[in-house]
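Undergrad: For reference, the structure I am asking about is given below.
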Amino acid sequence: MSVDMKLNMALPCRISVFTEKGGTRIGLIKPTRMLSALSDDPGLGEIAEDVEGKTIRMIDNAR
Numbered sequence: 070m071s072v073d074m075k076l077n078m079a080l081p082c083r084i085s086v087f088t089e090k091g092g093t094r095i096g097l098i099k100p101t102r103m104l105s106a107l108s109d110d111p112g113l114g115e116i117a118e119d120v121e122g123k124t125i126r127m128i129d130n131a132r
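Structure (structure tokens):
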């Protein structure tokens, strides 16, 4: 957020857990897409990719 205060709108990263058609689903809005919509700073891409990768690994480990 020290780069762009508008990023506070994207925090915390949202993860949704719900049931659908008898199964459990886990979903998220990808940080790379969210940050690109909120800021034009190209340096944030690396941060978003890092956060996204870690979040996806966390979800995969929870399955």
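Note that the working numbering has the sequence shown beginning at 70, numbered continuously upward.
Each residue gets a CB set at the ideal place from its N, CA and C atoms; glycine is no exception.
#1: Confirm the yes/no value for this check: CB of residue 122, any heavy atom of the ligand SAH, distance under 6 Å.
#2: Checking 7 Å against the spacing of the C-beta atoms, do residue 120 and residue 100 come in under that value?
#3: Quick one: residues in its chain with C-beta nearer than 8 Å to the C-beta of residue 132, no 5 flanking neighbours on either side, listed in chain order?
#4: Can you name the start and end residues of the beta strand (DSSP E) that residue 94 belongs to?
#5: So for residue 85, helix, strand or coil by DSSP?
TA: For this structure:
#1: As presented, the structure is devoid of all ligands, the ligand SAH included, so that no description of it is given.
#2: For the purposes of this step, residue 120 is identified with residue 51 of the sequence shown, where counting begins at 1. For the purposes of this step, residue 100 is identified with residue 31 of the sequence shown, where counting begins at 1. The answer is yes: Cβ separation under 7 Å.
#3: Numbered from its first residue, the sequence shown carries residue 132 at position 63. Contacts found: 95.
#4: Indexing the sequence shown from 1 puts residue 94 at position 25. Note, residue 94: beta strand (DSSP E), 92-97.
#5: On the sequence shown, position 16 is the one that residue 85 refers to. Reduced to three states, the DSSP call for residue 85 is strand.
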